[in-house]
Amino acid sequence: MSDQVETTTPVASGGGADPNAAVKMVGKGVNVYYGDAHAIKDVSIDILDKTVTAFIGPSGCGKSTFLRCLNRMNDTIDVARITGTIELDGQNIYDKNIDPVQLRARVGMVFQKPNPFPKSIYDNVAYGPRIHGLVANKADLDVIVESSLRRAAMWDEVKDRLDQPGTGLSGGQQQRLCIARAIATAPEVLLMDEPASALDPIATAKIEELIDELRENYSIVIVTHSMQQAARVSQKTAFFHLGILVEYDDTSKIFTNPTDQRTQDYITGRFG
Amino acid sequence: MIGAAALAIVVLSVAIYVFGRSRAISSAKGSLKNLHSRPSYHGLFCALWTFLVGIVLILVLGVLSRQYIESELGGRLDGYVAESQLPDDGLAALEGVGNLDDAIAALEGVPADEATLAFTRAEIERFRDIRGGSARFETTNLQAQLEDIQRRLIIGDSIAIAEGRVPSRIDRLRLNLAQEFREQEQLRQYAIGGLALAAALLTALITFFRVSLPFRARNRSERLIRFTLFICAAVAIFTTLGIVLSLIGETLIFFDKMDWRVSDFFFGTNWSPLSNQREGFISPEDIGWLPLLAGTFMITFIAMLVAVPIGLMAAIYLSDYASPRVRAFAKPMLEILAGIPTVVYGFFAAIFVAPLIRDLGQSIGLDVSSQSALAAGIVMGIMIIPFISSLSDDVINAVPQSLRDGSYGLGATKAETIRTVILPAALPGIISAVILGVSRAVGETMIVVMAAGQGPNLTWNPLETVTTVTVQIVMLIIGDTEAELSAGPAFTLGFALFVVTLTLNFIALRIVRKYRELYD
Amino acid sequence: MVDMKALSDYHTSDAAKKFMRKRHRSEARFKAIGVIAILLALGALVSLAWTIGSNAVRALYEYDVTVDISFPQDAFDRSTAVKDFERPLIEQGILSEDSIIRREFRNQTRIAIEKTFLAQFDGVPEDRRGNVLELLSRGSVDTLSDAVLEGTYGPGDVVQDFPALLSDDAQLYYKGGFGSVDFVDTAGTLDLVDKGDGRVDLLAAANDFSEPFALVKEALLDQALIVERDARRQAAAVGTMQGILEDAGLSEEERTEAEDALNRFVREEERLTNLATSLRQRANSPGGREELSEDSPSVLVFVNGGTIKIDEFNGANQLTGSVLRPLSAMAQAPAGEWRIGMLEGSESSRRIKDQDVVWLEELKEKGLVISKPNWPFLLEGDSREAELAGVWGGIVGSFWTMIVTFAIAFPIGVMAAIYLEEFAQKNSFTDFIEVNINNLAAIPSIIFGLFGLLLLLSGFKVPFFGGEIEIGGWAKEFRSAAFVGGIVLALMTLPTIIIAARASVRAVPPSIRDAALGLGASKVQTVFHHVLPLAMPGIMTGTIIGMAQALGETAPLLMVGMVGFFADVSTGVADPTTVMPALVYFWSDYPEKLFELKTSLAIVVLLLFLIAMNTLAIILRKRFERRW
Ligand SMILES: Nc1ncnc2c1ncn2[C@@H]1O[C@H](COP(=O)(O)OP(=O)(O)O)[C@@H](O)[C@H]1O
Ligand SMILES: [Mg+2]
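Protein chains in written order, with our numbering: chain D, 1 to 272; chain G, 1001 to 1520; chain P, 2001 to 2628.
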């Protein structure tokens, strides 16, 4: 795979979603409260398979919060409370007999700050398959690790130092390692919370390229602060404001002809 | 008198503050701008110097001269012996008597001169009132003992009389001594007070005449204040230095007496330094500290066996599992455990845990000593639980939330996250917490003094009784043996303990520092 | 590349579900271990609190016997107090007339009290008077004789309702420390036959004695268990001896000796085994003759206003006993009019014997025993008699010691913190100071004690300008005094205060310093006028916590002689004294059980002080804590 920097990225190249794409996840009337604070207000959304969906909006509007609802990461926060339903392949993930631990194997997550474990690169990637019992033997594990690192476009960079600590990599490499780690678990949906915000432009470009490649196999949801990024990588865009899903449409539509005045103001940089 | 002098110095300081200030004002001739420093700084400069010179002189002279008088007074008593002649039959009756209560009982019915007997009884009774009835009555050298008892009583009484307290008895000798003490003491106090006051006065004058327009009083007095602050900070160094010097000094003197057979100390397996105390010497064969070291480490090991799993798991549970309500309840409870004085733990070990373990052992047919290493170790472990748990809690919480999120985001359970991500990341911190815990356990005194044994016993069996370094230090110091004999081994053990704990502490700090570099 | 789709499908497969169950089980196990750890820690705290608390509660009350005491007309005569042989001693100044008179009056008071006390009983044989008097504490004699010396009472006076304190063992009996008498009501008559010499034959018409008899038999089983254990040990010894004999390398002499020993061991083993068998037989066979020994439970018969202790069962209904409290008549007692009392613990295991029990029950029955709050415990100094000992001396000693500690550690600690935070340049020397402070915090407290000891011990001489100078010794006159103890604790507390003070000085925001400096204040002024006042609440909090630690510290004070018996309550920092935790340690060494209870109560008092200090610290923190 090429490590070349993509220099000429046309605005809104993401364009629109494949009209045949299946619906992967559905949110219906989702509300999230942190204690008394109402962070997400009655959000309903369909997230498509094999599509990159971007969440944009000013800081604190609830993008991350909603993203974390999609794999029940909010369960780890004591004060968070959620109402409404979110379905994955037609099944409510907040149903009593859904195991959040298993759910997170199907809906993986990459975080804003690269967070490799203080273990070797190999162990980082092998972590998910190991805990989920995805493979029976070491050879299979080796295959998964290699293929995940390849998918994350960093196999060539690290293949000679798999036993070195993941914390020793550069920021961009660390983030791609985290993506490889998430892929290795073989999720169906990949959630990314501002995956490139801590990275320099070159590393960012690599990550974006990666996202574009991964779209073939996964449904990807990405939170981003950068409108350009959303336009570059996503097919669908959701604009959040003060916990409300203001507008959700094809990326090209949002960036060229938004319906709502607030969206218009935001993407033209009037606030945010 | 000294108090009066100190008061006078304070008053003088206040006065010179006022004078110095007004001298500064008057020398400014109406325009204070001409003064380099504001008037109050001139006053402060005078007052600070005056006060410091006076007080320091009082302290130094006070310490030095009292020592001198004490030895003077003791020397006066060298002539005093004859009065306490015990009749021979009385001496015979007292032979083999164990403590002062028994001594008094033994005097009953001795066919001797009634007056002498009454006198002897009165003396021993008075001594008993001071030392307690169970205090040891040395069977050797009775006559010298009684004389010693009397001599100490007389000095105590004399000083009591001189200071207006109630003596156990008043007689001519005591009155004379008291008189002498009072005179010397008065002389001393006048001398010290006078000298200090004079010096303070002189300082006051000197500083007063330095007040002038260009005098940089502010800088000078601030420098003095800074210097005082610096000295206070350096007290930490003085203390460490004092401790190290005193321990090393006594240790060297001790090893010198032992003909420098240092290896006998480090590798010897026989610890009974006081076995020759009658003859007044210590044999190098009797100072092997290995049994004490082994005992110390056995109890420490047991303590760690209790404290590390419980403390660590408690910390994990509280930081990652417990609901806020459970945390709000359990954390203060653990802190209470940390705030309980060790003497209370010792008592708990002695009256509850040790008998419990002995009975449990007996019920399954085991021979358990009532001062078993196990009991002391368990209770010491309980004492260290909060220590381990709060330190582990800190390091576990210091593991960034992003690592937890990363693990949960991959679908790991809490236990998996803790075991495979958090604990490895926190390991250096936990290890240093454990090392600090070990250092605590090694230096802990009261629990082992109250619950472990005193017999040096080289054994692997935790159900037997063992002794520790700290127990032996305590036994040597609070025993009835003359300090001249017991101080040597005690200070040497103290020095060894000091080195061990300091090394452990040093290692722990190094690990922590390394670990900090990892995350900051 | 792997087929990711196939792998993804795994997550919804049954295999994954099964694996998941396993993972959840392991999760539950891990969590359970955490819960167990917390419960163990809390359990330790609870059992500690329970051990101390249940003991302490029993020390809250003390028992007195109220009696009217009358002094004879010829008592308290100063002219006859001094004996002839004592006159020359007085003249020589060896004895003082005052102390002789004091001793004499005290004696007469004691005799009056003892006489009155003895008169309370129905009848005490001459040779047992001493035992009765041991039930009384020495303490009431002191109180009363002091009153006599002050002239409150004189010859011929009667002291109404004088509360005579009971001895520690008697107190403990009333507190239930030796178990209590279990009474059994009776269904048949009891015939008594006086055998003379205080011995009585008893004949019960009904099976009233079956329960006590069963109890006695049960005790035999317990004895049998003990003997069997000894027998097993003996058997082990025999085994060892045989092992030694198998060793071929024994000399002839050694062999004979070992064989001798073996024979002795075997005989002893046989004896023990036989004894155990016979004990078991006796226990299991109904009826039979059974002599009660010191190791049997006690059986007392309360009949006709007196008490008989059973010495021997001849079957369940025919017994022999000895009179411990005289009976009004040797007549037959009708059913229900007499009672049987049982004490489960054997006589040899208690310090209160059956006779004492009978006497104490008699006092109680006559309504002479009162219980009252144990205020003297708080108000009195130490004593070697358990029932008289109080903690006031320890409280006062702790107070003075803390005063010294505070006076030294607080100013030095605060100034050191100010220097390090505000003035010190970052250089190797300040680093060195820091390292020293951290190390001081880690030094075991006993080492500070050794350092303190050095101040007391002279004899450590070092060469000095040709001569010698004594390090140590300068505090000799303050041995056991709050002064030295306070210094030692101050050095120990210093690091705590410095660290806390530095933290709160650091927490004062730079903007405040900048503002003051900007107005032309000097650094020193800024620090003392602005920073220090703002940091003070934090410093005080740290100081209180440090002082609380010092208050509970024992080991270093052990080294400077503050553990021991100090009858007088100290009046200043220079008096020899003990402190609360040292008192706890000192008392815990006494064998008397009442001291154990009082030690627990002393611990409670100490803990109350600690709790008060820590609460104060928390309040200070809550009230003044400012977030900048
Ligand atoms: N753990 C939390 N506890 C309480 N409030 C939170 C928490 N996380 C986020 N919030 C609040 O929820 C709102 C949405 O936050 P977030 O989803 O992080 O916004 P975004 O990612 O869009 O910047 C914010 O007001 C934030 O303060
Ligand atoms: Mg966010």
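Virtual Cβ for every residue (Gly too), placed ideally from N, Cα, C.
Note that the structure is a prediction, hence the values are computed from the model and not measured.
- At a cut-off of 7 angstroms, the beta-carbon of Gly62/D counts as near ligand 1: some heavy atom of the ligand is closer than that.
- Taken in chain order, the unbroken stretches of alpha helix (DSSP H) that lie wholly in the stretch 2103-2167 of chain P and span 4 residues or more are 2129-2133, 2139-2149.
- The way I'd put it, the stretch 2020-2034 of chain P does touch the stretch 1313-1332 of chain G; three or more beta-carbon pairs between them come closer than 8 angstroms.
- Residue environment: Gln1179/G is assigned as exposed (fewer than 16 neighbouring CB atoms within 10 Å of its CB, all protein chains considered).
- Residues of the stretch 95-109 of chain D that bring their beta carbon within less than 7 angstroms of a beta carbon in chain G comprise Val101, Gln102, Arg104, Ala105, Gly108, Met109, in sequence order.
- For Val1014/G, the secondary structure class from DSSP, reduced to helix, strand or coil, is helix.
- The beta carbon of Ile1435/G lies closer than 7 angstroms to those of Leu1504, Ile1507, Ala1508 in the same chain, with the five residues before and after it left out.
- Contacts with chain P (Cβ-Cβ distance below 7 angstroms) from the stretch 1358-1376 of chain G involve no residue at all.
- With a cutoff of 7 angstroms, Tyr127/D does not count as near ligand 1, since its C-beta is closer than that to no heavy atom of the ligand.
- For ligand 2, a non-hydrogen atom lies closer than 7 angstroms to the CB of Asp193/D.
- When DSSP assignments are scanned along the stretch 146-186 of chain D, the uninterrupted stretches of alpha helix (DSSP H) that are 4 or more residues long and fall wholly within it turn out to be 155-158, 171-184.
- Taking 8 angstroms as the threshold, the shortest C-beta distance from Ile2603/P to chain G falls below it.
- Taking CB atoms only, Phe117/D has a neighbour in chain G less than 8 angstroms away.
- For Tyr1321/G, the three-state secondary structure derived from DSSP is helix.
- Bounds of the alpha helix (DSSP H) holding Glu213/D are 201-214.
- Under the DSSP assignment, Phe239/D falls in the beta strand (DSSP E) whose first and last residues are 236-241.
- Pairing Phe2483/P with Val2404/P gives a Cβ-Cβ distance under 8 angstroms.
- Judged by their CB atoms, Ala1330/G and Ile2446/P are not nearer to each other than the 8 angstroms cut-off.
- Phe2483/P has a beta carbon lying at 8 angstroms or more from every beta carbon in chain G.
- Listed as beta-bridge partners of Ser2070/P by DSSP are Val2158/P.
- Residues of chain G with a Cβ closer than 8 angstroms to the Cβ of Leu2279/P do not exist, since the nearest Cβ in that chain sits about 19 angstroms away.
- For Ser1390/G, the CB stays at least 7 angstroms from every heavy atom of ligand 1.
- Looking at the DSSP output, Leu2190/P shares a beta bridge with Ala2204/P, Ala2333/P.
- If you check the C-beta of Val1438/G against ligand 1, you find no heavy atom less than 7 angstroms away.
- Taking all protein chains shown into account, Gly171/D has fewer than 16 neighbouring C-beta atoms within 10 Å of its C-beta and is therefore exposed.
- In the DSSP secondary-structure assignment, Met2342/P is bridged to Asp2182/P, Val2299/P.
- Distances from the CB of Val223/D to the heavy atoms of ligand 2 include at least one below 7 angstroms.
- Taking a beta-carbon distance threshold of 8 angstroms, Glu157/D does not count as an interface residue toward chain P.
- Going by beta carbons, Ile40/D and Asn31/D fall inside the 8 angstroms limit.
- For the pair Phe1348/G and Ser1363/G, the Cα-to-Cα distance works out to about 21 angstroms.
- Straight-line measurement puts the Cα of Leu2456/P at about 11 angstroms from the Cα of Gly2449/P.
- In this model, Ala2044/P and Ala1451/G are separated by some 17 angstroms (Cα to Cα).
- Contact between His1042/G and Gly1020/G holds: their C-beta atoms lie close to 5 angstroms from each other, under 8 angstroms.
- Following the DSSP letters along the chain, one finds Asn124/D inside the alpha helix (DSSP H) bounded by residues 121-132.
- By the rule that beta-carbons nearer than 8 angstroms mark a contact, Ala2059/P does not touch chain G.
- Checking the DSSP bridge columns, you'll see Pro1462/G has no partner listed.
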